[in-house]
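Accompanying notes for the structure given below.
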Amino acid sequence: QRLPLPTYPFERQRYWIEPQKQQQHHYPTPVSLAKKSDISQWFYIPFWKPSLLQPQLEVEQATPKSCVLLFVDECGLGNKLLRQLQQQNHDVISVLVAHNLTKLNESEYTLNPQQPGDYDALIQELSRQQKLPKKIVHLWSVTPGCQQQLEFEKVEQAQTTGFYSLLFLAKALGRQQTNDDFEITVISNNLQPVTPTELVSPEKATLVGVIKVIPQEYANITCRSIDVTVPAPGSWQEQKLVESLLGELSISSCEKVIAYRGGNRWVQCFEPVRLEQAKSNTPRLKQGGVYLITGGVGGIGLVLAEYLAQNYKAKLVLIGRKAFPNQQEWSEWLLTHDHNDSISCKIRKLQQLQQLGAEVLVLAADVTDLQQMQQAIASAHSTFGPLNGVFHAAG
Numbered sequence: 001q002r003l004p005l006p007t008y009p010f011e012r013q014r015y016w017i018e019p020q021k022q023q024q025h026h027y028p029t030p031v032s033l034a035k036k037s038d039i040s041q042w043f044y045i046p047f048w049k050p051s052l053l054q055p056q057l058e059v060e061q062a063t064p065k066s067c068v069l070l071f072v073d074e075c076g077l078g079n080k081l082l083r084q085l086q087q088q089n090h091d092v093i094s095v096l097v098a099h100n101l102t103k104l105n106e107s108e109y110t111l112n113p114q115q116p117g118d119y120d121a122l123i124q125e126l127s128r129q130q131k132l133p134k135k136i137v138h139l140w141s142v143t144p145g146c147q148q149q150l151e152f153e154k155v156e157q158a159q160t161t162g163f164y165s166l167l168f169l170a171k172a173l174g175r176q177q178t179n180d181d182f183e184i185t186v187i188s189n190n191l192q193p194v195t196p197t198e199l200v201s202p203e204k205a206t207l208v209g210v211i212k213v214i215p216q217e218y219a220n221i222t223c224r225s226i227d228v229t230v231p232a233p234g235s236w237q238e239q240k241l242v243e244s245l246l247g248e249l250s251i252s253s254c255e256k257v258i259a260y261r262g263g264n265r266w267v268q269c270f271e272p273v274r275l276e277q278a279k280s281n282t283p284r285l286k287q288g289g290v291y292l293i294t295g296g297v298g299g300i301g302l303v304l305a306e307y308l309a310q311n312y313k314a315k316l317v318l319i320g321r322k323a324f325p326n327q328q329e330w331s332e333w334l335l336t337h338d339h340n341d342s343i344s345c346k347i348r349k350l351q352q353l354q355q356l357g358a359e360v361l362v363l364a365a366d367v368t369d370l371q372q373m374q375q376a377i378a379s380a381h382s383t384f385g386p387l388n389g390v391f392h393a394a395g
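Residue numbers (the UniProt record's numbering): 1 to 395.
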């Protein structure tokens, strides 16, 4: 078969599109886990960095099956969130603080935050109704105002509705024997000192620990903390905050400690800080000083006591929970009890401290009992005078 050829000569130049060279992925150099020999490089400090909430690439209307469990606060922020979530087609179950576990209606419960069984019963009831929530929003640590004077009742209440509430909730979820993932968002106020002039509520500080530890104990539970300032009810600032919180709940973020201040979003980060050796030669511990050690006749307490006796000839006030023989009875105790008796071993250790030059006073007191500790400190003052330091080694 004959084929016609073009009447002009072929151009002897190539016009091929060359394939691009495969880009090399530059992965970050893995951080060495080896111990740093320079102790001044061991330390990090937290700082707050401005951040923008990354929007969803695709916003979808929530299905009626998506269930949110909302622990509603007393400041009204939770109620605002509840209404907005319902408008987004979420099935919201709200929980209020009360004296008993009560089902008010299909979407509203009360429970006693001091009763672990109430959390178990609530989660079991929701599971039975096939309404076990994957998202949980806990607002019981949003409270009115930050008081400068801290009262014991306030501290106790903060632990009940904050620390212990989250602990009981996590345990209840853990007993469900399910591989489903749960996301707990803890919203608080006056927890984080984002700016230097802020007043914080120290009684809420225990939230930080439980939020970090729950995901370590339960692989299918993630936790994050969002600290806010509560705007005036009905203000545009309140509306903006609610919108921001809705945005946070709509995404899964690796940022676990977040704060909102004046409409701005902040995230907590850590940066290394170099701590050089102190230039002052003034010792922190006083020769012949008076030092109180809680858990003083325990293993760690006796190690501390030995160091203070050997290096500072200290006057030692050792606090233990159980009664201990008076010093006048030590010799008789050693004669009438077995050599390996635990009290005998401790008495011999205390006698060694005295031989090192220390004076020893052993007192029985429970560190959780205010009256017992007041009596113990009064005894220490009357025996040795004012304290120069306290080492807390109980527990």
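The C-beta atom is built at its ideal place from N, Cα and C for all residues, glycine as well.
Just so it is clear, the structure is predicted and the values come from calculations on it, not from any experiment.
Query raised in the report: Under 9 angstroms between the Cβ atoms of residue 403 and residue 251?
Result: No information on residue 403 is available, as it lies outside the stretch 1 to 395 that the chain covers here.
**Report entry** Pick from 134, 114, 77 that is closest to residue 91, judged by C-alpha positions
**Finding:** Residue numbering aside, residue 91 sits at position 91 when the sequence shown is read from its first letter. Among 134, 114, 77, the Cα nearest to that of residue 91 is on 134.
Report task. Would you check if there are 3 or more beta carbon pairs closer than 8 angstroms linking the stretch 308–318 to the stretch 277–291? Result -> yes
Report task. Would you grab the beta carbon distance between residue 45 and residue 67 for me? Rounded to a whole angstrom, and I think it's under 8 angstroms. Result -> Against the sequence shown, residue 45 aligns to sequence position 45. Against the sequence shown, residue 67 aligns to sequence position 67. Incorrect: roughly 40 angstroms between the Cβ atoms, too far for contact.
Query raised in the report: Apart from the five residues just before and just after residue 343, which ones in its own chain have a Cβ nearer than 8 angstroms to its Cβ?
Result: Your numbering for residue 343 matches position 343 in the sequence shown. Result list for residue 343: 324, 325, 333, 337, in chain order.
Query raised in the report: Expressed to the nearest angstrom, what Euclidean distance is found between the alpha-carbon atoms of residue 128 and residue 259?
Result: Position 128 of the sequence shown, counting from 1, holds the residue named residue 128. Position 259 of the sequence shown, counting from 1, holds the residue named residue 259. In a straight line, the C-alpha of residue 128 is about 36 angstroms away from that of residue 259.
Query - Closest residue to residue 221 among 340, 113, 210 (Cα-Cα distance) - result: Sequence index remark: in the sequence shown, residue 221 carries index 221 (1-based). Of 340, 113, 210, the residue nearest in Cα terms is 210.
Query - Euclidean distance between Cα positions of residue 161 and residue 362 - result: Looking up residue 161 in the sequence shown gives position 161. Looking up residue 362 in the sequence shown gives position 362. If I take the Cα positions, the gap works out to 37 angstroms.
Requested in this report: Starting from residue 187, trace the beta strand (DSSP E) both ways and give me its first and last residue.
Outcome: Locating residue 187 in the sequence shown gives position 187, counting from the first residue. Run containing residue 187: 182–189, per the beta strand (DSSP E) assignment.
Query raised in the report: Since residue 188 contacts residue 235 with CB under 8 angstroms, what's their CB separation in whole angstroms?
Result: The sequence position of residue 188 within the sequence shown is 188, counting from 1. The sequence position of residue 235 within the sequence shown is 235, counting from 1. Not really, about 20 angstroms apart at Cβ, beyond 8 angstroms.
**Report entry** residue 138 classed as buried or exposed, judged by whether at least 16 other C-beta atoms fall within 10 angstroms
**Finding:** The residue given as residue 138 occupies position 138 in the sequence shown. Buried is the call here.
Query raised in the report: Can you give the Cα-Cα distance for residue 207 and residue 165, rounded to whole angstroms?
Result: Looking up residue 207 in the sequence shown gives position 207. Looking up residue 165 in the sequence shown gives position 165. Going from the Cα of residue 207 to the Cα of residue 165 covers about 10 angstroms.
Query raised in the report: If you draw a straight line from the alpha carbon of residue 182 to that of residue 173, how long is it in whole angstroms?
Result: For the purposes of this step, residue 182 is taken as the residue at position 182 of the sequence shown. For the purposes of this step, residue 173 is taken as the residue at position 173 of the sequence shown. Answer to the nearest angstrom: the Cα atoms are 8 angstroms apart.
Requested in this report: Helix, strand or coil for residue 376, going by three-state DSSP, please let me know.
Outcome: Your numbering for residue 376 matches position 376 in the sequence shown. Three-state result, residue 376: helix.
Report task. Could you spell out the range, first to last residue, of the beta strand (DSSP E) harbouring residue 92? Result -> Indexing the sequence shown from 1 puts residue 92 at position 92. Taken as a continuous stretch (DSSP letters only), the beta strand (DSSP E) holding residue 92 covers 91–97.
Report task. For residue 54, count neighbouring C-beta atoms within 10 Å of its own C-beta (all shown protein chains included) and say buried if the count is 16 or more, exposed if not. Result -> Your numbering for residue 54 matches position 54 in the sequence shown. Counting Cβ neighbours within 10 Å, residue 54 comes out exposed, since fewer than 16 surround it.
**Report entry** Candidates 89, 390, 112, 87, of which the one nearest residue 98 by Cα
**Finding:** Taking the sequence shown and counting its residues from 1, one reaches residue 98 at position 98. With distances taken between Cα atoms, residue 98 lies closest to 112.
**Report entry** Three-pair Cβ contact test at 8 angstroms for the stretch 241–256 versus the stretch 226–233
**Finding:** yes
Query - Distance between residue 340 and residue 143 (C-alpha atoms, nearest Å) - result: The sequence position of residue 143 within the sequence shown is 143, counting from 1. The sequence position of residue 340 within the sequence shown is 340, counting from 1. Answer to the nearest angstrom: the Cα atoms are 54 angstroms apart.
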